[in-house]
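Residue numbers (my numbering): -15 to 221.
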């Protein structure tokens, strides 16, 4: 019971300490003229004074709960309270972000911008229904540029993009080459990928599904399929 009381008192003290610390930070910023710099006062109050006040409030709350038991009890309860609050905070962050289904629940989904380099002499696939993003939650057709361009090495390059709507751990881009089979590229991006202004390095394909075969085989350098890509968020470029 005493540990629960210390946990509750510590949490309440930390919350009150953050609020009072931030308020004190704004007063200090105003008195020193810091408030004249755009955003500087808020950063000082929220990220410097607020956390300091929270730590002081946490310690004070635990001390008030166990002050009659001496310093040893205070130290033990303070440690337990910090661990408990850390666990609660970690669980809250996991629920807020780790279990988030959509990449951007309140806005447009980021796009996977890609270029696929085909083998020499390969005929580019049709624009409709030949490239898809596969995840554990959905399949999304990609939009392909009007026509394939010729790369510096003379090989055809297909450009396109596809929405990454879901927060998943694995994504694969599938290129359907008709009687040549399906080419699988693993997309090595996080569940909520960061925006990038430039395409990454060229990467070889991972697997090939050949017509009439039950299983995919590993792609080799002789297959000569390569991809490079980036994540693009609306308004970031």
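Glycine included, every Cβ here is placed at the ideal spot set by N, Cα and C.
Report the CB separation of residue 97 from residue 214 in whole angstroms; it is logged as a contact under 8 angstroms. 5 angstroms
Simplified DSSP assignment, three categories, for residue 221: coil
Whole-angstrom C-beta distance between residue 141 and residue 133, which should lie under 8 angstroms: 5 angstroms
Would you report the Cα separation of residue 163 and residue 86, rounded to the nearest angstrom? 35 angstroms
In whole angstroms, give me the CA-to-CA distance for residue 216 and residue 35. 34 angstroms
By the three-class DSSP mapping on this structure, what secondary structure does residue 175 have? coil
Which runs of the beta strand (DSSP E) spanning at least 3 residues fall entirely within the region 99 to 186, listed in chain order? 115 to 118, 123 to 125, 140 to 147, 155 to 160 and 166 to 171
DSSP on residue 202, reduced to helix/strand/coil? strand
Using 10 angstroms around the beta-carbon of residue 100, count the other beta-carbons present and answer buried if the total reaches 16, otherwise exposed. buried
Looking at C-alpha atoms only, which residue of 143, 95 and 196 is the closest neighbour of residue 159? 143
What residue range does the beta strand (DSSP E) around residue 194 cover? Run containing residue 194: none; DSSP gives neither H nor E here.
Whole angstroms are fine: how far does the CA of residue 106 sit from the CA of residue 120? 30 angstroms
State the start and end residues of the unbroken beta strand (DSSP E) segment that holds residue 213. 210 to 216
Own chain, CB closer than 7 angstroms to residue 161, minus 5 neighbours either side, in chain order: 109 and 167
What would DSSP say about residue 35, mapped onto helix, strand or coil? helix
Go ahead and pull the three-state DSSP assignment for residue 94. coil
Taking only the alpha-carbon atoms, compute the straight-line gap between residue 127 and residue 111 and give it to the nearest angstrom. 7 angstroms
Given a threshold of 16 other Cβ atoms within 10 Å of its Cβ, counted over all protein chains shown, does residue 165 qualify as buried or as exposed? buried
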